[in-house]
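Participant: Here the protein sequences line up with chains A and B, keeping their order. The numbering of the first sequence is numbering that gives the first Met the number 0, which starts it at 0 and goes up by one. The numbering of the second sequence is numbering that gives the first Met the number 0, which starts it at 0 and goes up by one.
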Amino acid sequence: MIVVNKVNKSFADKQVLHNINITFEKGKVNLVIGRSGSGKTVLMKCLIGLLTPSEGSIYYGNRDFHHLTFSDQKALRNEMGVVFQGSALFDSLTIEENLMFPLNMLTKQSFKEKLDRVNYCLHRVDLYNTNKLYPSELSGGMKKRAAIARAIAINPQYLFCDEPNSGLDPKTSLIIDELITGITHEFSMTTVVNTHDLNSVITIGETISFIKDGVLGWYGTKDEVLRTENEGLNDFIYAQPITQKIRDFVH
Amino acid sequence: MYSMGIGSLIIVMIVSVCMGSVITLQTALQQAESSWIPAWTIGYTVRTSVILELCPTIISLLLVGNLGSRITAEIGSMKVTEQVDALEVMGINSASYLVLPKIVSSLFVNPALIIISIFFALMGGYITVLASGFITGYDYIDGITYYFIMYDVWYALTKTVVFGFVIASVAAFYGYKIEGGALELGKASTKGVVVASFIILILNLVITNVMLN
Ligand SMILES: Nc1ncnc2c1ncn2[C@@H]1O[C@H](COP(=O)(O)OP(=O)(O)OP(=O)(O)O)[C@@H](O)[C@H]1O
Ligand SMILES: [Mg+2]
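1. Report all residues from its chain with a CB closer than 7 Å to the CB of residue 169/A; omit the five preceding and five following residues, and keep chain order.
2. State the start and end residues of the unbroken beta strand (DSSP E) segment that holds residue 150/B.
3. Can you say whether residue 195/A is buried or exposed, counting buried as having 16 or more other CB atoms within 10 angstroms of its CB?
4. Answer yes or no: the CB of residue 164/A versus the heavy atoms of ligand 2, is any distance below 7 Å?
5. Are the C-beta of residue 47/A and some C-beta of chain B separated by less than 8 Å?
6. For residue 177/A, which option in 20/A, 0/A, 28/A has the closest C-alpha, if you only look at C-alpha atoms?
7. Excluding the 5 residues flanking residue 113/A on each side, which residues of the same chain have their C-beta closer than 8 Å to its C-beta?
8. With hydrogens ignored, establish whether the beta-carbon of residue 212/A is closer than 7 Å to any heavy atom of ligand 2.
9. Rank 155/A, 220/A, 123/A by C-alpha distance to the C-alpha of residue 31/A and give the top, closest one.
10. Starting from residue 76/A, find everything on chain B with Cβ-Cβ shorter than 8 Å and list it in chain order.
11. Could you tell me the distance, in whole angstroms, from the CA atom of residue 185/B to the CA atom of residue 153/A?
12. When every heavy atom of ligand 1 is checked, does at least one fall within less than 7 Å of the C-beta of residue 107/A?
13. Along the chain, where does the alpha helix (DSSP H) that runs through residue 196/A open and close?
14. What residue range does the beta strand (DSSP E) around residue 58/A cover?
15. So which residues of chain B does residue 105/A contact, with C-beta pairs closer than 9 Å?
16. On the criterion of 16 or more Cβ atoms from any shown chain inside 10 Å, does residue 110/B qualify as buried, or is it exposed?
17. Below 7 Å CB to CB, which residues in the same chain sit around residue 81/A once its five sequence neighbours on both sides are set aside?
18. Please list the residues of the segment 2-20 of chain A that have a C-beta atom closer than 9 Å to any C-beta atom in chain B, keeping them in chain order.
19. So, at 8 Å on beta carbons, what are the nonlocal neighbours of residue 142/A in its own chain, with the 5 sequence-adjacent residues on each side left out?
20. Using only the alpha-carbon positions, how far apart do residue 79/A and residue 104/B sit?
21. Closer than 7 Å by C-beta to residue 94/B: which residues in its own chain qualify, once you throw out the five before and the five after it? Chain order, please.
22. Taking C-beta pairs closer than 9 Å, name the residues in chain B that residue 64/A reaches, listed in chain order.
23. Would the beta-carbon of residue 19/A fall within 8 Å of that of residue 2/A?
24. Where do the N-terminal and C-terminal ends of the alpha helix (DSSP H) with residue 212/B fall, by residue?
25. Is the segment 49-63 of chain B close to the segment 11-22 of chain B, with three or more CB pairs under 8 Å?
26. Residues of chain A with CB under 7 Å from residue 80/B, in chain order?
27. How about the segment 157-164 of chain B and the segment 117-130 of chain B: do they share at least three Cβ pairs that are nearer than 8 Å?
28. Short of 7 Å in beta carbon distance, which residues of its chain neighbour residue 167/B, apart from the five on each side in sequence? Order them along the chain.
29. Please list the partners that residue 101/A has in chain B, where partner means a Cβ-to-Cβ separation under 7 Å.
30. Any Cβ of chain A within less than 8 Å of the Cβ of residue 181/B?
31. Three Cβ pairs or more, each shorter than 8 Å: is that satisfied between the segment 29-44 of chain B and the segment 135-145 of chain B?
32. Considering only their Cβ atoms, is the gap separating residue 37/A from residue 201/A smaller than 8 Å?
33. Would you say residue 84/B faces chain A, with C-beta separation under 8 Å as the test?
34. Closer than 7 Å to a non-hydrogen atom of ligand 1 - does that hold for the CB of residue 10/A?
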């Protein structure tokens, strides 16, 4: 479980996050949704420690991440897997080396153990015969899957995905969504996913936090999201002609 | 390190041969008018200018554009595509992980390339001498070996180690500093090249003053 407690984040004189309070639950896919520029990535970077909140705290269980000692912070980081918006695979390394990398850095396993783990993770995301390929030789969807495989290589308790299906076709998106949900339930991870993909919102959002201009505007589940009276959230969901058509059809 | 040096090797060789050739031609033309200057002075002058100034400085400036901009692009693109962030969340200090190896290898690669460059420049001179016939090849060899001072080589190597450090660290700094998109990459490389070239020219003056006075 991750608890975000009264988090503010400002850059110079620009405040991006305003008093954010959210609980991300264990064993669930927790979505953070909102328009472009609303502060989703900034919030995620605060969660994983790439940014420090200007005020407030982030608790992992009972550990206050930003007030831990350096070595405790490092230990906590070993429990996190992160899938970045652009995959962020190391392009000078093969897919196998990419997955091997966190294992080399963070564990003391033998080469054989590491290789087994790498192959297990690649198969888990349905990547076969890609071990010796370079990221540039994969399609966008395959890269995303490789990035997910790298994130779960160290068997993390916390999984973070920043827009895992941006730039993918609807079908591939769905596969990625199912994969993230499957992994989350299988390993009982606390998963946080940033997205503005409506399909994901209504299919995998076990908890949904809607951020508008850096403020938490709504919190609920995928079953509640379509019936909300919240104006900001309605604007967000029914921004596209297709969703408007569906709404008109249903009513 | 291998990839850092090899990419620049061919261009360094070509430039060095041309440089040696031109400087030999110039020296020979100046001295052709006065018959009382001994023939070996041509080789001697070529050797001195090549070792002391031309190779260390010009090749370093060349490497700023070649090696340096490559380092900026490599680190910069890792920054823009969040690969640096990926390193950081794995608990790795990305600055030292990415930058230090570049600086260390540059400290070795740069002097090695300069030594190769000196060799090829002197070769270029030799070819020119043979082709133009101002003096005999024997006179030239005599000149470049005449009164050889080892200190000159140390002086050249000192310069190149310092310049190597400047090339890698400035390039890495500008690459690492990039925020935002791919557009910033081009700007950062250009800026890195200008700043590193400037620093090298200034340091060249300083080192020359300190070591040769
Ligand atoms: N390092 C920074 N310095 C200054 N401002 C920043 C910085 N990072 C983000 N911001 C600002 O914070 C705001 C939120 O950005 P953020 O990247 O979190 O948006 P987002 O919700 O992830 O959008 P998208 O869906 O497009 O990824 C933006 O206005 C952005 O300009
Ligand atoms: Mg974002």
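Using N, Cα and C, we set each Cβ at its ideal position, and we do this for glycine too.
Facilitator: A quick look at the data gives this:
1. The residues are 198.
2. For residue 150/B, there is no enclosing beta strand (DSSP E); the enclosing alpha helix (DSSP H) has its first and last residue at 149-176.
3. It counts as buried.
4. Placement of the Cβ of residue 164/A at a distance of 7 Å or more from every heavy atom of ligand 2 is found.
5. Answer yes: the Cβ-Cβ gap between residue 47/A and chain B drops below 8 Å somewhere.
6. When each option's Cα is compared against that of residue 177/A, the closest is 28/A.
7. Closer than 8 Å at the Cβ level, and outside the excluded window around residue 113/A, lie 99, 102, 103, 106.
8. False, no ligand heavy atom lies under 7 Å from that Cβ.
9. Closest option to residue 31/A, Cα to Cα, is 220/A.
10. Result: 88, 89, 90.
11. Cα to Cα, residue 185/B sits roughly 36 Å from residue 153/A.
12. No - ligand 1 has no heavy atom lying nearer than 7 Å to the Cβ of residue 107/A.
13. Looking at the DSSP string, residue 196/A is not in any alpha helix (DSSP H), and its letter there is neither H nor E.
14. Per DSSP, residue 58/A belongs to the beta strand (DSSP E) from 54-59.
15. 89, 90, listed in chain order.
16. Buried is the call here.
17. Sequence-distant Cβ neighbours of residue 81/A in its own chain, meaning closer than 7 Å and more than five residues away, are 47, 150, 159.
18. So the list is empty, because no residue satisfies the distance condition.
19. Same-chain partners within the cutoff: 86, 88, 134.
20. Distance between the alpha carbons of residue 79/A and residue 104/B: 33 Å.
21. The residues 175, in chain order, have a CB closer than 7 Å to that of residue 94/B in the same chain once the five nearest residues on each side in sequence are set aside.
22. Contact of residue 64/A with chain B by beta-carbon distance below 9 Å is absent, the smallest such distance being about 12 Å.
23. When the beta-carbon positions are compared, residue 19/A and residue 2/A stay at least 8 Å from each other.
24. DSSP places residue 212/B in no alpha helix (DSSP H); its state is neither H nor E.
25. Judged by pairs of C-beta atoms under 8 Å, the segment 49-63 of chain B touches the segment 11-22 of chain B, as three or more such pairs exist.
26. For residue 80/B, the chain A residues whose Cβ falls inside 7 Å of its Cβ are 85, 87, in order along the chain.
27. Contact between the segment 157-164 of chain B and the segment 117-130 of chain B is absent, because fewer than three Cβ pairs lie under 8 Å.
28. 70, 101, 102, 105.
29. Residues of chain B with a Cβ closer than 7 Å to the Cβ of residue 101/A are, in chain order, 89.
30. No, residue 181/B lies away from the interface with chain A (no Cβ there is under 8 Å from its Cβ).
31. With the cut-off at 8 Å, the segment 29-44 of chain B and the segment 135-145 of chain B touch.
32. Contact: no.
33. Yes, its Cβ sits closer than 8 Å to a Cβ of chain A.
34. Yes, the Cβ of residue 10/A comes within 7 Å of a heavy atom of ligand 1.
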